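A quick write-up on the structure given underneath.
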Amino acid sequence: MLRQSINKAIRPAQFRAFSISARTMAGGDTGAPRSGGIAQGDAFSKREKANEDYTIRMREKEKLLELRKKVAEQQDHLKKLEDHIDELSKSSGGEQK
Numbered sequence: 001m002l003r004q005s006i007n008k009a010i011r012p013a014q015f016r017a018f019s020i021s022a023r024t025m026a027g028g029d030t031g032a033p034r035s036g037g038i039a040q041g042d043a044f045s046k047r048e049k050a051n052e053d054y055t056i057r058m059r060e061k062e063k064l065l066e067l068r069k070k071v072a073e074q075q076d077h078l079k080k081l082e083d084h085i086d087e088l089s090k091s092s093g094g095e096q097k
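Structural data, given as structure tokens:
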């Protein structure tokens, strides 16, 4: 009470400052793991982890599809080379019937 009366005396009424209390958050409110461990988490951190996992799975899926395509191209190339070798060996008389 005394402090308020001193402040009123020092400051004019039109220049009073107002204060805002600091916003406090409980553990885990900002996505940080709670004290219970990593198993517990708020909905935001769970959703964020799920989105990251999904993105990683999609990248891996794309990489696997590219690798399968390259393997198929290499197999086609090897098949053509085998056919070419067979054709050369037949024309040079390598195979006799």
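Numbering (UniProt numbering), first residue to last: 1 to 97.
Glycine included, every Cβ here is placed at the ideal spot set by N, Cα and C.
Predicted, not measured: the structure shown is a model, and the values here were computed from it.
Cut-off 6 Å between Cβ atoms - residues of its own chain near residue i, not counting five sequence neighbours on either side
i, result
"residue 80", "none"
Alpha-carbon to alpha-carbon, residue j and residue i
i, j, result
"residue 65", "residue 73", "12 Å"
"residue 58", "residue 93", "53 Å"
"residue 76", "residue 53", "35 Å"
"residue 67", "residue 50", "26 Å"
"residue 61", "residue 78", "26 Å"
"residue 86", "residue 63", "35 Å"
"residue 84", "residue 90", "10 Å"
"residue 88", "residue 71", "26 Å"
Contacts around residue i, its chain only, beta-carbon distance under 7 Å, and the 5 residues preceding and following it disregarded
i, result
"residue 69", "none"
Close beta carbons around residue i, own chain, < 8 Å, minus the five adjacent residues each side
i, result
"residue 56", "none"
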